[in-house]
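Just so you know, the sequence shown maps onto residues 0 to 137 in numbering that gives the first Met the number 0.
Just so you know, even glycine gets a beta-carbon here, dropped at the ideal spot from N, CA and C.
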Amino acid sequence: MESVRIDKYLWAVRLFKTRPDAVDACRLGRVEMGGQPVKPGREVRPGDLITVHTDDLVKTVRVTALLEKRVAGKLVAQYLEDLTPPSEYEKARLRRQEHALNLAASPLLRPTKRDRRLMEAFLEDVKRSASSPAAAEK
């Protein structure tokens with residue numbers, strides 16, 4: 000085998016979870032060879048450099064061997080060389096952390112049943128303390 004379709008290769012080396020995901024990434028211009036976006040049918044050969052843009056990461060790999068069938072995660076290193084700089088992984092990790100913190104910090108649009116009950120209890124306490132004679136004297 001001299002060459003393989005790029006969408007098949009990206010799926011086989013587990014850069015994408017499904018082959019349609021790899022096809023979509025190619026069609027959307029998120030996969031490049033030589034700085035140029037590629038179509039899903041582009042053939043790859045050993046030695047080719049592939050750049051894949053995902054949500055968090057820009058991953059660069061060199062094709063070391065070809066395959067058409069998906070392999071176990073442990074065997075992927077035999078078929079590609081990861082050239083992505085460690086700083087890129089660090090940036091991606093920080094982006095994911097920041098996103099998680101933003102989600103945790105933002106209030107939910109709708110309170111849960113427990114939250115609603117706590118708010119109602121709090122408001123009842125506020126009403127009771129406001130209507131008590133001790134509150135009127137202050």
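Contact under 9 Å by Cβ, residue i with residue j
i, j, result
"Thr63", "Pro45", "yes"
"Arg29", "Lys38", "no"
"Lys58", "Leu14", "yes"
For residue j and residue i, the rounded distance between their alpha carbons
i, j, result
"Asp47", "Ala99", "35 Å"
"Arg4", "Asp55", "25 Å"
"Glu1", "Glu97", "43 Å"
"Asp6", "Val12", "10 Å"
"Arg127", "Pro110", "23 Å"
"Pro19", "Leu117", "47 Å"
"Leu51", "Val70", "Checking the sequence shown, residue 51 turns out to be Val, not Leu. Cα to Cα, the separation comes out at about 19 Å."
"Pro36", "Leu66", "22 Å"
"Val22", "Arg92", "26 Å"
"Val75", "Ala120", "57 Å"
"Glu80", "Ile49", "10 Å"
"Arg94", "Arg41", "31 Å"
"Lys16", "Asp114", "38 Å"
"Glu123", "Ser130", "11 Å"
"Glu89", "Leu82", "14 Å"
"Val125", "Lys112", "20 Å"
Residue range of the beta strand (DSSP E) that includes residue i
i, result
"Met32", "30 to 32"
"Lys58", "57 to 62"
"Glu80", "79 to 81"
Candidates the options: closest to residue i by CA position
i, options, result
"Gly72", "Val30, Leu9, Arg29", "Leu9"
"Thr53", "Ala24, Met32, Leu66, Arg95", "Ala24"
"Gln77", "Glu87, Arg61, Gly33, Glu42", "Arg61"
Bridge partners - residue i, DSSP secondary structure assignment
i, result
"Pro36", "Glu31"
"Leu9", "According to DSSP, Leu9 bridges with nothing at all."
"Thr50", "Glu31, Thr59"
"Glu97", "Partner(s): none; Glu97 has no beta bridge."
"Val3", "Val43"
Residue range of the unbroken alpha helix (DSSP H) whose run includes residue i
i, result
"Val22", "18 to 26"
"Ala76", "It is not in any alpha helix (DSSP H) - Ala76 carries neither H nor E in the DSSP assignment."
"Glu67", "Looking at the DSSP string, Glu67 is not in any alpha helix (DSSP H), and its letter there is neither H nor E."
"Phe121", "112 to 130"
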